[in-house]
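Chains as they are written, first to last, in the numbering used here: chain L, 541 to 731; chain B, 541 to 731.
Inspection log for the structure reproduced underneath, given as structure tokens.
There are 2 protein chains.
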Amino acid sequence: MARPREFDEQDVVARATGLFWRRGYTATGVRELGAELELKQSSLYRAFHDKRGLFLRALDHYRATESSQAEELLERPGPVREVLRDWLTCMVGEEAGRGCLVVNTATELGATDPEVRRRTEAAFEVTRRALESLLRRGCRTGELPAGLDLDAAVDLLFTTVLGLRVRERAGHDPARLAATIDYAVRMLAAQ
Amino acid sequence: MARPREFDEQDVVARATGLFWRRGYTATGVRELGAELELKQSSLYRAFHDKRGLFLRALDHYRATESSQAEELLERPGPVREVLRDWLTCMVGEEAGRGCLVVNTATELGATDPEVRRRTEAAFEVTRRALESLLRRGCRTGELPAGLDLDAAVDLLFTTVLGLRVRERAGHDPARLAATIDYAVRMLAAQ
DNA sequence: ACAATTTTGGAGCGATCGCTCCCGTATGGC
DNA sequence: GCCATACGGGAGCGATCGCTCCAAAATTGT
């Protein structure tokens, strides 16, 4: 019926995600996007409506990929605290200085754009749930204190993750971040 | 010898700080700044050279005011854990959705601008040192475990603060943040 | 009062912003 | 083959960007 598009939408969204991740939403121009995605503006605007539309797609893509990676890492067998430490280490082991797209977006756009906010909150929820599932397992197996306040511990660990990703974005020494992670995991078991 | 300027530089920087704080660096235009500061562009550029110059001044101003406030709160007498909790609560008790200028800046500009980075790092150091001083006092008075790994605890608490400020910026429920703070303080004493 | 100096007020620079429209082209169903 | 449809390519829209320059106004030392 019509000429098929010459680009893979998923691939384009993935590359756009990388650019928004590094540069932020406001600082990323549509021409910059066009160059990075090898996509003319007419195609970009027909496919994604506008810059914000592409950004929302990027947020969705980020959540989907991060979520699957997080779940994969968390379903691994092994000592709960080691799994947790590896997971946290992986969280801050991104390409240097990228931080987390969701954290960057939450601080850049704050609570201004409700549609963006819904996405950042959904992404946060993925992390939170992944943590809860792991801690619950730890309590079941006795690797974590039975009297652990699960909700509070999840909340605190989640907050710690956000802080770690800010620090990673800020270029803090990976060794220091690793030490912080070690201590956080140790504290969790202390109760 | 010459006509005196009609604006108070400190006041102008303070107001610019508020605007950068809410909107971020990139999204804040010089005309917007001019309107908020009641300052014509010619005056602005003569006084601060350019937009970035004013932003650097804003970062300095923020650090100075926040630092003095933090030190004031931390020199208060009283139980260490209560002082810490009050301080953390104050940290996230900003005007809703503002978060922390330094955290917002670190995630927005990352490690791109070395001059900015020096400032964010200096501001982080203020927080870190304030925490260290308080925890040290807690160890001295016996309010905190004697075997506390001071450096690690400071690092983790500092990371938690960053996370809390991200969450405040993201519009999370203040009650949840308060609960997170309570738990963090409790964990600190557990060792 | 006068000259020197620095201010305010504002027009306007080139560049870039997000976005739209048009055109020639390639691909589908009939 | 033919028309409808969506495509890639690109010019260009109005608006805003950061920034500069200049004239009029205001304050000082002499």
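Just so it is clear, CB atoms sit at the ideal spot from N, CA and C, and this is done for glycine as well.
As the structure is a computational prediction, the values presented were derived from the model and not from experiment.
As assigned by DSSP and simplified to three states, the class of residue i
i: Asp600/L; result: helix
i: Thr700/B; result: helix
i: Arg709/L; result: helix
i: Asp590/B; result: coil
i: Cys679/L; result: helix
i: Tyr565/L; result: coil
i: Arg571/B; result: helix
i: Arg625/B; result: helix
i: Leu579/L; result: coil
i: Val666/B; result: helix
i: Ala686/B; result: coil
i: Glu546/B; result: coil
i: Asp653/B; result: coil
i: Val632/B; result: coil
i: Glu812/B; result: Outside the displayed span of chain B (541 to 731) sits residue 812/B, for which this structure offers no information.
i: Gly558/B; result: helix
i: Arg616/L; result: coil
i: Arg638/L; result: coil
Contacts of residue i in chain B (Cβ-Cβ under 7 Å)
i: Asp507/L; result: Because chain L in this structure spans residues 541 to 731, residue 507/L falls outside the shown range and cannot be described.
i: Asp590/L; result: Neighbours of Asp590/L on chain B: none; closest Cβ ~17 Å, over 7 Å.
i: Arg707/L; result: Thr699, Leu702
Rounded C-alpha distance that separates residue i from residue j
i: Phe588/L; j: Ala651/B; result: 30 Å
i: Lys580/L; j: Gly574/L; result: 6 Å
i: Gly564/B; j: Gly618/L; result: 43 Å
i: Glu735/L; j: Glu661/B; result: Because chain L in this structure spans residues 541 to 731, residue 735/L falls outside the shown range and cannot be described.
i: Arg716/B; j: Met631/B; result: 14 Å
i: Arg726/L; j: Ile721/B; result: 18 Å
i: Glu606/L; j: Glu576/B; result: 40 Å
i: Leu624/L; j: Pro685/B; result: 25 Å
i: Arg657/B; j: Pro714/L; result: 17 Å
i: Glu683/L; j: Asp600/B; result: 46 Å
i: Leu688/B; j: Arg659/L; result: 39 Å
i: Glu635/B; j: Glu622/B; result: 22 Å
i: Leu696/L; j: Glu612/L; result: 22 Å
i: Phe595/B; j: Val666/B; result: 19 Å
i: Gly678/L; j: Leu702/L; result: 22 Å
i: Thr566/B; j: Gly639/B; result: 17 Å
i: Arg543/L; j: Glu648/L; result: 39 Å
i: Gly569/B; j: His712/B; result: 28 Å
i: Glu546/L; j: Ser582/L; result: 13 Å
i: Leu584/L; j: Asp551/L; result: 13 Å
i: Arg676/L; j: Leu690/L; result: 7 Å
i: Glu572/B; j: Ala604/L; result: 37 Å
i: Asp626/L; j: Asp653/L; result: 34 Å
i: Ala692/B; j: Ser608/B; result: 24 Å
Closer than 8 Å at the beta carbon, the chain B residues around residue i
i: Thr566/L; result: Gly564, Thr566, Ala567
i: Arg657/L; result: Ala710, Gly711
i: Tyr723/L; result: Asp689, Ala692, Ala693, Asp695, Leu696
i: Glu556/L; result: For the record, residue 556/L in the displayed sequence is Ala; it is not Glu. Neighbours of Ala556/L on chain B: none; closest Cβ ~18 Å, over 8 Å.
Chain-order list of residues whose beta-carbon lies under 7 Å from that of residue i (same chain, five-residue window excluded)
i: Ala497/B; result: Not covered by the structure: residue 497/B. The range shown for chain B is 541 to 731.
i: Arg668/L; result: Val694, Phe698
i: Glu549/B; result: Ala587
i: Arg616/B; result: Val623
i: Ala670/B; result: Ala610, Glu611, Leu614
i: Ala646/B; result: Thr660
i: Gly637/B; result: Arg709, Gly711
Residue i CB to nearest heavy atom of the ligand GTP below 6 Å
i: Ala693/B; result: Summarising the ligand content, the structure contains no ligands, and the ligand GTP is consequently not present.
Partners in chain B for residue i, counting only beta-carbon separations shorter than 9 Å
i: Phe720/L; result: This sequence places Thr at residue 720/L; Phe is not what is there. The answer, in chain order, is Ala692, Asp695, Leu696, Phe698, Thr699.
i: Arg625/L; result: Simply none; closest approach about 14 Å.
i: Arg716/L; result: Asp695
Residues near residue i by beta carbon distance below 8 Å, same chain, minus five either side
i: Tyr602/B; result: Thr557, Trp561, Leu641, Val642, Ala663
i: Asn644/L; result: Trp561, Gly564, Arg709
i: Thr681/B; result: Val620
i: Leu704/B; result: Leu628, Met631, Val632, Leu717, Thr720, Ile721
i: Leu674/B; result: Leu614, Val620, Val623, Leu624, Trp627
Chain-order list of residues whose beta-carbon lies under 6 Å from that of residue i (same chain, five-residue window excluded)
i: Thr700/L; result: Ala724
i: Arg592/L; result: none
i: Glu672/B; result: Val694
Residues of the segment 654-678 of chain B in Cβ contact with chain L at a cutoff of 9 Å, in chain order, please. Arg657, Thr660, Glu661, Phe664
Identify each residue in the segment 634-655 of chain B for which the Cβ-Cβ distance to at least one residue of chain L is less than 7 Å, and report them in chain order. Gly637, Gly639, Val643, Asn644, Ala646, Thr647, Glu648, Gly650, Ala651
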